[in-house]
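*Asks:* Sharing a structure below in structure tokens format, with a few things to ask.
Number of protein chains: 2
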Amino acid sequence: MSQLDTVNRILDAAEVLFAERGFTETSLRTITSTAGVNLAAVNYHFGSKKELIQAVFERFLTPFTANLDQELTRRQAQLEASPGEQLEVDDLLQSLYRVALAGLAKEGRDPKRFMGLLGLAYTQSQGHLRRFIVSRYGPSYRRFAGQLANALPQVDPVTFYWRLYFMLGATIFSLSSFDAIEAILREDFGAESSLEETLARLAPAAAAMLTAPEPKDA
Amino acid sequence: MSQLDTVNRILDAAEVLFAERGFTETSLRTITSTAGVNLAAVNYHFGSKKELIQAVFERFLTPFTANLDQELTRRQAQLEASPGEQLEVDDLLQSLYRVALAGLAKEGRDPKRFMGLLGLAYTQSQGHLRRFIVSRYGPSYRRFAGQLANALPQVDPVTFYWRLYFMLGATIFSLSSFDAIEAILREDFGAESSLEETLARLAPAAAAMLTAPEPKDA
DNA sequence: CAGCAATTAAAACGTTTGTTTAACCGCTGA
DNA sequence: TCAGCGGTTAAACAAACGTTTTAATTGCTG
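In the order they appear, the protein sequences are chains E and F. The numbering of the first sequence is the numbering used here, which starts it at 1 and goes up by one. The numbering of the second sequence is the numbering used here, which starts it at 1001 and goes up by one.
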């Protein structure tokens, strides 16, 4: 087994286990025995458990962010070519969802697992992981937020940013526990929902939230 | 120190620490030393760490659910008195937010901490806590969901339930990390946001998401 | 004041955790 | 051929964990 195999086997096992149980609930012994490698291999190749966690996120977020940036550039060029045309917000969101999804699927990464990890990063990262993600992928995130803000010139900036977090919450929360929610709905209605269908529901709903009329203050 | 004091001191300390760091990241030694009680007191009064976690949620959710039920009953009676009048969804949401919030504040409980714990329950509860909450507070939740569904007769049931989870995600996610988000917005815009103001933004945004027109399928 | 049950206290229990050590293997370049 | 090095392995490390045990202490009741 080459060293490349060992590193990737650890990352594969850690990715699945972290998304299922969280970071502290997943021991290095569980990871290494699942991966079929020696316990010491984690500390040898990654240095520590924290650095392994960062490596798992790096492997996910780097191609994801690359796809995002590419799509944002494409949209920006298209906008400059025909500046008068107003972009539809739900179309923007849905195409972003689709592009990010397709990019992950192309690399054999499960999008639902990606969302599960993203949820972990927001709820279970006390310090080091949040700093790592912000410093590494913050610019792409701000570019996305800026382009979305430009498509909503009528919305007050502070209101927009709160709604952006509302939207992130709706997306990450519902997709990170997609399987559980889908199981409940299947039991209650007998209707199955694919991830694609759910994104097709989420995009217009999120767009409606972003474009809602401002609350009239007293 | 009476036994009632010991129990409440443990609950107070555990509540804060759980909301800050999560369950597994908070040790019983940290809880008991913060509370100023002996380590064994947790197992003596609660039996185990799992049962302590349930007790923390019980102390939060019981009065919260009582307030929720009371408000739902009030609305139902009001609806039967004047059945023709269509309820506004954002008004329904905002009054629920306000009632639940006021009930917690009346007992000296921090609503933001409550939301933090609620977020934990959704993302970090593997099994026992989820079962405990569903069995104990499931009926109230279903009653709330049913009343909300009745106010949205034009929305397809499956679409409604997905949007309900979108709304829950937006609410729990953004309010559980309210302080962090507010700090970012204060730095970027110099504009402070109170929890009340944020709820006044959230209610119409969530209502817009729930009442959005259905996506036209091919 | 004696006695009993409830509570608190200190100490130790066995596990599990992340990490480190040291021996060993297989390849590559001199 | 063999020294050297990156990689793997088994074993052990100290620390932290939840829990249990046993003894001391408290507060109330007869």
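By construction, the Cβ of each residue, glycine as well, lies at the ideal position given by its N, Cα and C atoms.
(1) How far does the alpha helix (DSSP H) with residue 1207 of chain F in it extend, from its first residue to its last?
(2) Compare the C-beta of residue 1154 of chain F against all C-beta atoms of chain E and say whether one is closer than 8 Å.
(3) Return the CA-CA distance between residue 1191 of chain F and residue 1201 of chain F, expressed in angstroms with no decimal places.
(4) Does any CB atom of chain F fall closer than 8 Å to the CB of residue 170 of chain E?
(5) Excluding the 5 residues preceding and the 5 following residue 45 of chain E in the sequence, name in chain order all residues of the same chain whose CB lies nearer than 8 Å to its CB.
(6) Using the three-state DSSP reduction, which class does residue 153 of chain E fall into: helix, strand or coil?
(7) How is the alpha helix (DSSP H) around residue 1098 of chain F delimited, first residue to last?
(8) If we cut at 8 Å on Cβ distances, does residue 1227 of chain F have a partner in chain E?
(9) Would you please verify whether the beta carbon of residue 14 of chain E is less than 8 Å from any beta carbon of chain F?
(10) Should residue 1022 of chain F be labelled buried (16 or more other beta-carbon atoms within 10 Å of its own) or exposed?
(11) Taking 8 Å as the threshold (C-beta atoms), are residue 1034 of chain F and residue 24 of chain E in contact?
(12) Are any of the Cβ atoms in chain E nearer than 8 Å to that of residue 1181 of chain F?
(13) Please tell me whether residue 149 of chain E has its Cβ less than 8 Å away from any Cβ of chain F.
(14) Please classify residue 1110 of chain F: does DSSP put it in a helix, a strand, or coil?
(15) Along the chain, where does the alpha helix (DSSP H) containing residue 1067 of chain F start, and where does it finish?
(16) Of the residues that make up the stretch 1041-1067 of chain F, which ones have a beta carbon closer than 7 Å to any beta carbon in chain E?
(17) Listing by chain order, which chain E residues have their CB less than 7 Å from the CB of residue 1185 of chain F?
(18) Under 8 Å, CB to CB, which of the residues in the stretch 108-124 of chain E have a partner in chain F?
(19) Per DSSP, what kind of secondary structure is residue 43 of chain E in: helix, strand or coil?
(20) Can you give the Cα-Cα distance for residue 218 of chain E and residue 103 of chain E, rounded to whole angstroms?
(21) Using DSSP with H/G/I as helix, E/B as strand and the rest coil, what is residue 1147 of chain F?
(22) Just the Cα atoms here: how many angstroms apart are residue 132 of chain E and residue 1174 of chain F?
(23) Closest to residue 65 of chain E by C-alpha separation, out of E:47, E:136 and E:116, would be which residue?
(24) Any beta carbon from chain F within less than 8 Å of residue 25 of chain E's own beta carbon?
(25) Name the two residues that bound the continuous alpha helix (DSSP H) containing residue 1177 of chain F.
(26) Taking the beta carbon of residue 1138 of chain F as the centre, do at least 16 other beta carbons fall within 10 Å, making it buried, or is it exposed?
(27) Taking a contact to mean a Cβ-Cβ separation below 8 Å, would you say residue 105 of chain E touches residue 56 of chain E in this structure?
(28) With a CB to CB cut of under 8 Å and the five nearest residues on each side skipped, what residues in its chain are close to residue 1210 of chain F?
*Replies:* To lay it out plainly:
(1) Position 207 of the second sequence, counted from the start, is the residue given in the question as residue 1207 of chain F. Unbroken alpha helix (DSSP H) run through residue 1207 of chain F: 1195-1210.
(2) Sequence index remark: in the second sequence, residue 1154 of chain F carries index 154 (1-based). So no, residue 1154 of chain F is outside the interface.
(3) Position 191 of the second sequence, counted from the start, is the residue given in the question as residue 1191 of chain F. Position 201 of the second sequence, counted from the start, is the residue given in the question as residue 1201 of chain F. Rounded to the nearest angstrom, the two C-alpha atoms are 14 Å apart.
(4) Taking the first sequence and counting its residues from 1, the one referred to as residue 170 of chain E is at position 170. At least one chain F Cβ lies under 8 Å of residue 170 of chain E.
(5) For the purposes of this step, residue 45 of chain E is taken as residue 45 along the first sequence, with counting starting at 1. These residues qualify, in order along the chain: 3, 6, 7 and 10.
(6) To locate residue 153 of chain E, count along the first sequence from 1; it is residue 153. Three-state DSSP puts residue 153 of chain E in coil, outside helix and strand.
(7) Translated into positions along the second sequence, residue 1098 of chain F becomes position 98. Element bounds for residue 1098 of chain F: 1089-1106.
(8) Residue numbering for chain F in the displayed model covers 1001 to 1218; residue 1227 of chain F lies beyond these limits and cannot be assessed.
(9) Indexing the first sequence from 1 puts residue 14 of chain E at position 14. No, its Cβ sits nowhere closer than 8 Å to a Cβ of chain F.
(10) For the purposes of this step, residue 1022 of chain F is taken as the residue at position 22 of the second sequence. Answer is buried; the Cβ neighbour count reaches 16.
(11) Looking up residue 24 of chain E in the first sequence gives position 24. Looking up residue 1034 of chain F in the second sequence gives position 34. No, the pair does not count as a contact, with Cβ atoms beyond the cut-off.
(12) Position 181 of the second sequence, counting from 1, holds the residue named residue 1181 of chain F. Cβ-Cβ to chain E under 8 Å: yes for residue 1181 of chain F.
(13) Walking along the first sequence from the start, residue 149 of chain E turns up at place 149. Residue 149 of chain E does not count as touching chain F.
(14) Sequence index remark: in the second sequence, residue 1110 of chain F carries index 110 (1-based). It is coil, neither helix nor strand.
(15) Sequence index remark: in the second sequence, residue 1067 of chain F carries index 67 (1-based). Taken as a continuous stretch (DSSP letters only), the alpha helix (DSSP H) holding residue 1067 of chain F covers 1049-1081.
(16) none
(17) Reading the second sequence from its first residue, position 185 is the one you call residue 1185 of chain F. Correct list: 158 and 161.
(18) 119, 120, 122, 123 and 124
(19) By one-based count along the first sequence, residue 43 of chain E stands at place 43. Helix at residue 43 of chain E.
(20) For the purposes of this step, residue 218 of chain E is identified with residue 218 of the first sequence, where counting begins at 1. For the purposes of this step, residue 103 of chain E is identified with residue 103 of the first sequence, where counting begins at 1. No answer about residue 218 of chain E holds up, because its pLDDT of 38 lies below 50 and its placement is not dependable.
(21) Residue numbering aside, residue 1147 of chain F sits at position 147 when the second sequence is read from its first letter. Residue 1147 of chain F falls in the helix class under three-state DSSP.
(22) Taking the first residue of the first sequence as position 1, residue 132 of chain E is located at position 132. Taking the first residue of the second sequence as position 1, residue 1174 of chain F is located at position 174. Each residue's alpha carbon lies about 21 Å from the other.
(23) Stepping through the first sequence from its first residue, residue 65 of chain E is reached at position 65. Nearest of E:47, E:136 and E:116 to residue 65 of chain E, Cα basis: E:136.
(24) Translated into positions along the first sequence, residue 25 of chain E becomes position 25. It does: the Cβ of residue 25 of chain E has a partner Cβ on chain F nearer than 8 Å.
(25) Translated into positions along the second sequence, residue 1177 of chain F becomes position 177. Element bounds for residue 1177 of chain F: n/a, residue is neither H nor E.
(26) Looking up residue 1138 of chain F in the second sequence gives position 138. So residue 1138 of chain F counts as exposed.
(27) Position 105 of the first sequence, counted from the first residue, corresponds to residue 105 of chain E. Position 56 of the first sequence, counted from the first residue, corresponds to residue 56 of chain E. Cβ atoms of residue 105 of chain E and residue 56 of chain E: not closer than 8 Å.
(28) Along the second sequence, one-based indexing puts residue 1210 of chain F at 210. Excluding positions up to five away in sequence, the list reads 1089, 1148, 1152, 1155, 1160, 1163, 1164 and 1167.
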